[in-house]
Amino acid sequence: MTCSGCEAAVKIAAKQIDGVKDAKASYAKGTAEVTYDSAKTSPDAIAKAIAQKTGYKTEVAK
Ligand SMILES: [Cu+2]
4 MTCSGCEAAV KIAAKQIDGV KDAKASYAKG TAEVTYDSAK TSPDAIAKAI AQKTGYKTEV
64 AK
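Okay, so the sequence shown: first residue is 4 according to the numbering used here, each after it adds one.
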């Protein structure tokens, strides 16, 4: 992410994913924090969906 516009785009993309309850993104840190329902989705699926919607490379934080 390179600016606060990207930050908002990542946040919106994450919130559109089924099973995601809340999302926060920080362009300063280059990270996003997602609260999700583990019965509906998984970190890998969320990362993939965000990458598809925004064009950013994503990886699941370990
Ligand atoms: Cu930007």
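Glycine residues also receive a C-beta, built at the ideal position from the N, C-alpha and C atoms.
The structure displayed is predicted, hence computed values, not measured ones.
Query	Result
Rounded separation between Ile15 and Val37 - CA only	11 Å
7 Å Cβ shell around Tyr39 - same chain, five flanking residues per side excluded	Gly22, Val23, Lys24 and Ile49
For Lys56, the nearest candidate out of Cys6, Ala11 and Ser7 (CA to CA)	Ala11
Option in Ser29, Ala64, Ser7 and Val13 with minimal Cα separation from Ser45	Ala64
Contact set for Ala52: own chain, Cβ-Cβ below 6 Å, skip 5 residues either direction	Ile20
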